[in-house]
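Residue numbers (this note's numbering): 21 to 277.
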């Protein structure tokens with residue numbers, strides 16, 4: 021059942037290639053930020069980053085953004101508002117599994133773009149060599165945790181559609197905050213000290229910045245393992261929260277239908 025859902029979503033994604041290409045164009049912001057910070061660091065360093073460091077950082081940001089992207093909030097919003105959720109409630113599989121299958125199918129297509137960029141990042145002279153199998157495993161865990169965390173946040177926001185006409189407004193606020201607090205636009209070390217200390221413990225960081233930090237060698241294996249554990253705890257907590265909000269919302273949905 022799950023594999024069938026993934027296959028269907030893959031076929032749909034290939035059918036709407038123009039939409040996929042449009043999504044790729046939205047990923048150009050890291051490249052714009054790269055050119056900006058390269059100009060700032062021209063002839064020296066900025067907060068400890070050279071121009072070569074910025075090359076690696078934003079390439080890692082681009083790869084991480086592609087591999088952790090999720091669109092579940094839009095799917096849920098439409099399903100709930102238009103009543104299509106009733107179809108999924110009659111299926112033997114929980115709707116969250118359906119949204120997860122959609123994300124996995126989109127991830128399969130995203131890998132086509134992400135893998136060449138990942139190989140390119142490994143070839144940059146600023147990449148720490150050799151990249152050990154422990155680092156590779158931790159990086160894989162960080163990517164997986166980032167995707168699961170982003171999915172959980174999308175599900176949680178999507179569940180708000182049970183009470184709000186369009187929960188996408190909340191998602192826009194989340195996306196705006198994430199662009200600053202996740203390391204997407206610039207490294208979190210560029211934030212003021214007090215803001216940086218807060219951002220270190222917010223979910224935004226664990227979606228993008230943590231995988232980038234591990235990839236660029238900012239953490240020792242022990243420190244990376246600690247932050248990956250925190251990421252896993254955060255994933256579990258947000259999925260539990262999303263399930264709780266779902267149960268409350270589904271009662272309202274079935275009652276007023």
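Using N, Cα and C, we set each Cβ at its ideal position, and we do this for glycine too.
Residue state for residue 66 is assigned as strand, using DSSP reduced to three classes. Segment contact: the region 254 to 267 against the region 163 to 181, three or more CB-CB distances shorter than 8 Å; contact assigned. As summarised for the region 71 to 102, the continuous alpha helix (DSSP H) elements at least 4 residues long and confined to that stretch are 71 to 87, 92 to 102, given in chain order. In the structure shown, the three-state DSSP call for residue 216 is helix.
Counting only the Cα atoms, residue 183 lies some 45 Å from residue 69. In the three-state scheme derived from DSSP, where H, G and I count as helix and E and B as strand, residue 235 is classed as helix. Between the region 126 to 141 and the region 216 to 225 there are fewer than three C-beta pairs closer than 8 Å, too few to call the two in contact.
A residue is called buried when at least 16 other Cβ atoms come within 10 angstroms of its Cβ; residue 52 does not meet this threshold and is exposed.
Spanning the alpha carbons of residue 210 and residue 122 requires a straight line of approximately 35 Å. Look at residue 226 here: in three-state DSSP terms it is helix.
Below 8 Å, enough C-beta pairs join the region 228 to 248 and the region 191 to 204 to call them touching: three or more. With at least 16 other beta carbons inside 10 angstroms of its own, residue 50 counts as buried. When 55, 92, 88, 94 are compared, the shortest CA-CA separation from residue 76 is found for 55.
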